[in-house]
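Line order of the protein sequences matches chains A and B.
In terms of the working numbering, the first sequence opens at residue 1 and continues consecutively.
In terms of the working numbering, the second sequence opens at residue 1001 and continues consecutively.
Glycine residues also receive a C-beta, built at the ideal position from the N, C-alpha and C atoms.
Source: prediction; values computed, not measured.
All remarks here apply to the structure that follows.
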Amino acid sequence: MSDPRYEVYEAGLIGEGMHEPPVLPAGLRRSPSGVDGLRTEHLVVNMGPQHPSTHGVLRMLVEVDGEEVVNAEASIGYLHRGIEKLAEHRRYDALGTLMDRGDYVSGIMGELAAALAVEQLLEVEVPRKAHWLRSLTSELNRIASHLVWYGTFGLDTGAMGQFLYAMRDREAILDILEAISGQRMMFNYVRPGGVVRDLPPGIDAKIRAFVDGFENVYLPEHDALLGGNEIFQSRVKGIGVITREQALAFGLTGPNLRASGVRYDVRANRPYAAYPELEFEVPVGETGDAWDRYLVRMEEMRQAARLIRQLIDGMPEGPHAAKVPKVLRPPAGEVYAAVESSRGETGVHLVSDGSEHPYRFHYRAPSLFALQALEEIVPGHLIADVVMIIGSTDVMMGEIDR
Amino acid sequence: MALDRLTGENSILFARSEQLFDYARSKSLWYLAFGIACCAIEGLMSASGPRFDFDRMGVFFRASPRQADVMIVAGTVNRKMAETVRRLYDQMPEPKWVVAMGACASTGGPFREYPNVVLGVDQIVPVDVYVPGCPPRPESVQYAFIQLQKKIAERAKERVDAARG
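Here's what the structure looks like:
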């Protein structure tokens, strides 16, 4: 309550109702008596778990002073399914099925994190082709995931058209991934030792045709449709600024961290799969606002298309999986493996006791860290911006609640 | 009822008002935009996307339960969520229908061993159509809506028969 209008009351000089209305220029209508002296109270607004724009079952308790947010608290757990506990009763080759359903928009990357951890425990040599296939499917999935974010982020501003175009392109990717893995969403394609099957014949031409169209026509169209829109720009510029220090302190990873100006990408800093052999750039933002997060993700789609082109051109020959036993019994030990999923560093911490089930399975979900940062950055914004900030961080409730 | 064969030449129709209303309802089933988990991407987002385009069947999403006819339970319902699901169902105006989409909403799916997970949403709300799959394809959800339309048409017939005695 630093508003000078209230100082007179707080000082106890004037009693309520005795407020002297300000002298207005002639011709200007006087506001009803007493409005300027009204005390306001804070209101707690409940957003979710059913809200068309909270991206899943996130529940935010937003304390507002008029239109301004003074406090925000996220309530999670509406999708808690015990993925970590259930993993202790799954066999090692079935961990991927649980990871698929964690971050369900980018399933391949989750499977890959689990497979990398198991391979580290088993000390298996993965064939070169398997690495390349893993990177190829990861990048295809990254575009599909970012398209979902792009479509729904626009929906948050009230736009509808970009959602339909994003879904059109996503269907094209899902067709390719379905031809490769056999499923549209829960791929279960990456397994310890390699991948399930080789590329089907004739898929190269399909992927090439998609990438050509996407890189040259559709992606610039997407960018112009939403990013070129002045209303959209004014809604996102300067909103939800996460400074470099805040981003590091909260442990953000992925596009949210890079938008704040930190050049950290697991693919570049701790390379896995085929990434050491590939050329790509890691885009970074400057200010860390919602607009920067938008730009970073759009550039990431461009880089993913570039990676897919390299992966298709240089796809090596050879087996697609190493020989591993049917029932995996890794030696006792403890490993951590991480991949750059579309939301950040998705990590798997696996503890083995030598049996056929993991002793402990921990899933590092990048969205959880982004959600924690939300509580810090949302206060001070208008209530209409809350939805934009949540949308710009691209949180995924499936991996937060697990 | 010969509503489907109604032409300009012979445009007089004799029907019970229940039949007429239920015919109209079956052609504009608005579902609640309430995505819980993975199935929401397939059953709500891809469904309203350009390829599957449920809009041509009169199926479209509404943000508020007060405007919705159908609730697609798209995902795992746990004990914390169960209360909300029931509350949203109660907030929907009559007549209302529920589609249990996917293995989780039907039985608990791959998470059914976990004590926190509700073993099928039919323990909380009455379910009209179950859709198998993990996740079901959007075509499956489309088929579910066709089944629901049939169910509504049958309901109208039953009600008219009951009124005739």
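(message) Among the candidates A:Met-60, A:Ile-83 and A:Leu-136, whose CA atom is the shortest distance from the CA of Pro-316 of chain A?
(response) Here the closest residue by C-alpha is A:Leu-136.
(message) Rounding to the nearest angstrom, what Cα-Cα distance links Gln-162 of chain A and Gly-333 of chain A in this structure?
(response) 48 Å
(message) Given this structure, state the Cα-to-Cα distance separating Arg-306 of chain A from Glu-286 of chain A, to the nearest angstrom.
(response) Spanning the two alpha carbons is a distance of roughly 23 Å.
(request) Give the interface partners of Gly-1049 of chain B over in chain A, defined as CB-CB distance under 9 Å, in chain order. (result) Gly-151, Phe-163, Leu-164, Ala-166, Met-167, Arg-168, Arg-170 and Glu-171
(request) Just mark Arg-1066 of chain B as buried or exposed, buried being the case when its beta carbon has 16 or more other beta carbons within 10 Å. (result) exposed
(message) Here's the rule I'm using: 16 or more other beta-carbon atoms within 10 Å means buried, otherwise exposed. How should Ser-342 of chain A be labelled?
(response) buried
(request) Compute the distance between the beta-carbons of Gly-344 of chain A and Thr-253 of chain A, then report whether it is under 7 Å. (result) Yes, the Cβ-Cβ distance between Gly-344 of chain A and Thr-253 of chain A is below 7 Å.
(message) Can you pull out the residues from the segment 1118-1148 of chain B whose beta carbon lies closer than 8 Å to at least one beta carbon of chain A?
(response) Cys-1134, Pro-1135 and Arg-1137
(request) Determine the direct distance from the alpha carbon of Glu-340 of chain A to that of Arg-270 of chain A, and round the result to whole angstroms. (result) Taking C-alpha positions only, Arg-270 of chain A is separated from Glu-340 of chain A by approximately 10 Å.
(request) Would you check if the distance between the CB atom of Arg-402 of chain A and the CB atom of Ile-76 of chain A is smaller than 7 Å? (result) no
(request) Tell whether a beta-carbon distance below 7 Å holds between Ala-87 of chain A and Val-190 of chain A. (result) no
(request) Give the single residue among A:Val-195, A:Trp-291 and A:Glu-245 whose Cα lies nearest to the Cα of Ser-234 of chain A. (result) With distances taken between Cα atoms, Ser-234 of chain A lies closest to A:Trp-291.
(message) By the DSSP assignment, the alpha helix (DSSP H) with Asp-1090 of chain B in it spans what residues?
(response) Start and end: 1079-1091.
(message) Can you check whether the C-beta of His-19 of chain A is within less than 7 Å of a C-beta belonging to chain B?
(response) Model confidence at His-19 of chain A stands at a pLDDT of 49, short of 50, so the residue's coordinates are unreliable; what they give is reported in the following sentence. It does not: the Cβ of His-19 of chain A has no partner Cβ on chain B nearer than 7 Å.
(request) For Gly-1035 of chain B, go through chain A and note every residue whose CB falls closer than 7 Å to its CB, in chain order. (result) Ordered by position in chain A, the residues that pass the 7 Å Cβ test against Gly-1035 of chain B are Gly-56.
(message) Alpha carbons only, please: which of A:Val-327, A:Val-126 and A:Ala-172 is nearest the one belonging to Pro-1221 of chain B?
(response) Nothing can be reported for residue 1221 of chain B, as the shown portion of chain B is limited to 1001 through 1165.
(message) Can you check whether the C-beta of Tyr-104 of chain A is within less than 7 Å of a C-beta belonging to chain B?
(response) yes
(request) Just the C-alpha distance for Phe-1054 of chain B and Asp-198 of chain A, rounded to the nearest angstrom, thanks. (result) 34 Å
(request) Report yes or no: do the segment 208-222 of chain A and the segment 115-135 of chain A share at least 3 C-beta pairs separated by less than 8 Å? (result) no
(request) Using DSSP bridges, identify the partner residues of Ser-352 of chain A. (result) A:Gly-333
(request) Determine the closest residue to Phe-153 of chain A out of A:Leu-95, A:Glu-178, A:Glu-399 and A:Ile-390, with distance taken between C-alpha atoms. (result) A:Ile-390
(message) Measuring only the C-alpha atoms, how far is Pro-1135 of chain B from Gln-183 of chain A?
(response) 9 Å
(request) Establish whether the CB of Leu-1044 of chain B and some CB of chain A are separated by less than 7 Å. (result) no
(message) Determine, for Leu-1088 of chain B, whether the minimum Cβ-Cβ distance to residues of chain A falls below 7 Å.
(response) yes
(message) Considering only their Cβ atoms, is the gap separating Gln-303 of chain A from Glu-406 of chain A smaller than 7 Å?
(response) What the structure shows of chain A is the stretch from 1 to 402, and residue 406 of chain A is not part of that stretch, so it cannot be assessed.
(message) So that I know if they touch, is there some Cβ in chain B lying closer than 7 Å to that of Leu-79 of chain A?
(response) yes
(message) Is it the case that the segment 349-369 of chain A contacts the segment 380-400 of chain A, given that we only count it when at least three CB pairs across the two stretches are under 8 Å?
(response) Segment contact: the segment 380-400 of chain A against the segment 349-369 of chain A, three or more CB-CB distances shorter than 8 Å; contact assigned.
(message) Could you check whether the segment 84-103 of chain A touches the segment 1020-1032 of chain B, counting it as contact only if at least three pairs of C-beta atoms, one from each stretch, sit closer than 8 Å?
(response) no
(request) Sort A:Ala-259, A:Ala-273, A:Ala-274 and A:Pro-325 by Cα distance to Ala-295 of chain A and report the nearest one. (result) One detail in the question is off: residue 295 of chain A reads as Leu in this sequence, not Ala. Nearest option by C-alpha distance: A:Ala-259.
(request) Report yes if the C-beta distance between Val-1131 of chain B and Val-1077 of chain B is below 7 Å; otherwise report no. (result) no
(request) Kindly say whether Tyr-1031 of chain B, judged by its beta-carbon, lies nearer than 7 Å to any beta-carbon of chain A. (result) no
(request) Look at Ala-1074 of chain B and Met-1092 of chain B and say whether their C-beta atoms are less than 7 Å apart. (result) No, these two residues do not count as a Cβ contact at 7 Å.
(request) Name, please, each residue of chain A whose Cβ falls closer than 9 Å to the Cβ of Phe-1060 of chain B. (result) Those within 9 Å of Phe-1060 of chain B in chain A number zero; the least Cβ separation is about 12 Å.
(request) Output yes or no for whether 7 Å exceeds the beta carbon distance between Cys-1038 of chain B and Arg-142 of chain A. (result) No.
(message) Checking the sheet assignment: what are the DSSP bridge partners for Phe-1060 of chain B?
(response) Residue pairing by DSSP places Phe-1060 of chain B opposite B:Trp-1030 in a beta bridge.
(request) Please state if the CB of Ile-239 of chain A and the CB of Asp-289 of chain A are separated by a distance shorter than 7 Å. (result) Yes; because the gap between Cβ atoms is below 7 Å, this pair is in contact.
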